[in-house]
Amino acid sequence: MTSSPRDVKLCLLGFGNVARSFCALLERQAPLLAEKHGLRVLVTGAGTRRGSLLAPDGMAPGAVLAAAPKGAPLPAPPRPADQLLAASGADVLVELTVMEEDFAPLATGHIEAAFDLGMDVVTANKGPIAWNWSRISKKAASTGRRIRFESTVMDGLPVFSLLEFTLVDCRLLGFEAVFNSTTSVILDAIGRGESFEGALGAAQDAGIAEADPSHDIDGWDAACKAAALANVAMDAGITPADVVKESLRDVHRERIVKARADGKRLRLVTTVWREGDEAGGAAASGSPAGPVRARVRAAELDIDHPLAPLTEESLGVVLHTDLMGDVVVAELGALVPQTAYGVYADLLHVCRPA
Ligand SMILES: NC(=O)c1ccc[n+]([C@@H]2O[C@H](COP(=O)([O-])OP(=O)(O)OC[C@H]3O[C@@H](n4cnc5c(N)ncnc54)[C@H](OP(=O)(O)O)[C@@H]3O)[C@@H](O)[C@H]2O)c1
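According to the numbering used here, the residues represented by the sequence shown are 99 to 452, in order.
Below you can see the structure in the form of structure tokens.
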């Protein structure tokens, strides 16, 4: 590419593990972004509850990292998100805040404000997609903006884009997934004789546990992912509250140890199906589709189950489709860099002509 690269300005809301890894990735990829995609990515705003940064002329992502070393707040005092967004003059909001403890849809407000300001949105925050997808998709359509959220469900593994662009015209009938690696880490550690608390601490140190780990342990993280994928790909119209959940707190050590001794893998498994479609019935007969149902529960996976080979930090989903049968997608070692990659891929997507 010979002409000078086009500037793409970002406003980052949330500057934690994923945002930092994303900035490091952007910095590393800067030559390729310019050469292959004709883009120069700059940060014009960043904000958290503890600090902010405003750079109307744009800063290189690496310079933003240097301005707020890990653990330190962004250099300026915090600003309300809507003011920061407006002042940033960004092209794209990168929404990387966390889901509130009470699930208040704060990030939904961030996304809607960005649409109103003419920005596209990229997010790894599952909250808005799980709880407010109908509202957000309508607002994106009415404002002519785009939103991508690949990292919300499988930490960067392509699922939404796989269904949208690759499994063209396939209907998603349901899915079965291991969506939460923190619970897999805990289950395997307990199986090896370690304590619940020690295993949770290890997941927190790796940056894979939710800000509030009870979201992982009580099945809310998996329920949010179930609702997000079901709402987007099955038009389910459910919320995480509709998902029947089993908490890891109710899975006793004896059960975990027995599963291990029996050569099975105990996992928190999410299952989503459309009533009447369990055996492809409604799809085949053309009868009206029933409501979508979802549950998250601990299950002993036999060795020949497609999700059984998934080790601790790995995630996987079996997509039940009408035209392609069952498609298995798995990510071995789903950690923060993979999530950041999903955000990066989404950014490239919204930078392409519509
Ligand atoms: N870690 C992963 O591997 C992974 C995988 C998939 C998806 N995700 C999702 O990606 C998002 C970011 O995850 P993370 O691991 O980077 O979380 P994190 O390390 O806890 O960072 C969250 C950031 O958001 C800020 N924040 C929280 N609430 C805010 C608010 N209301 N307004 C402004 N800033 C706010 C926090 O800063 P203050 O405390 O200063 O506000 C912090 O900078 C989350 O939604 C998470 O579920 C993460």
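Positions of the beta carbon are idealized from the N, C-alpha and C atoms, including for glycine.
Taking the Cβ atom as the reference point for each residue, do residue 309 and residue 283 lie within a distance shorter than 7 Å? no
My output table needs one value for residue 273: the three-state DSSP class, helix, strand or coil. strand
Distance check for residue 305 and residue 299, CA to CA, integer angstroms please. 10 Å
In the DSSP assignment, find the unbroken beta strand (DSSP E) run with residue 393 in it and report its ends. 390 to 399
Can you tell me whether DSSP reads residue 362 as helix, strand or coil? coil
By a C-beta neighbour count over all protein chains shown, 10 Å radius and 16 as the cutoff for buried, is residue 452 buried or exposed? exposed
Starting from the N-terminal side, write out each stretch of the beta strand (DSSP E) that is 3 residues or longer and does not extend beyond the stretch 181 to 261. 190 to 193 and 218 to 221
Could you check where the beta strand (DSSP E) with residue 150 kicks off and where it finishes? 150 to 157
Note down the Cα distance separating residue 187 from residue 303, rounded to an integer number of angstroms. 35 Å
Once DSSP output is grouped into helix, strand and coil, what is the label at residue 504? Residue 504 lies beyond the stretch modelled for the chain, which goes from 99 to 452, so this question has no answer here.
Beta-carbon contacts of residue 129 that lie in its chain and below 8 Å, excluding the five residues immediately before and after: none
Comparing the CB of residue 405 with every heavy atom of ligand 1, is any distance shorter than 6 Å? no
According to DSSP, which residues form a beta bridge with residue 174? 150
Terminal residues of the alpha helix (DSSP H) in which residue 348 lies: Where residue 348 is concerned, there is no enclosing alpha helix (DSSP H), given that its DSSP letter is neither H nor E.
Between 346, 337, 427 and 401, which lies nearest to residue 259 when the distance is taken from Cα to Cα? 427
Leaving out five residues on either side along the sequence, give the residues of the same chain with a beta carbon under 7 Å from the beta carbon of residue 361. 401
Is any heavy atom in ligand 1 found nearer than 6 Å to the beta carbon of residue 306? yes
Tell me which same chain residues have a C-beta within less than 6 Å of the C-beta of residue 397, skipping the five on either side of it? 367
Specify the secondary structure class of residue 144 as computed by DSSP and reduced to three states. strand
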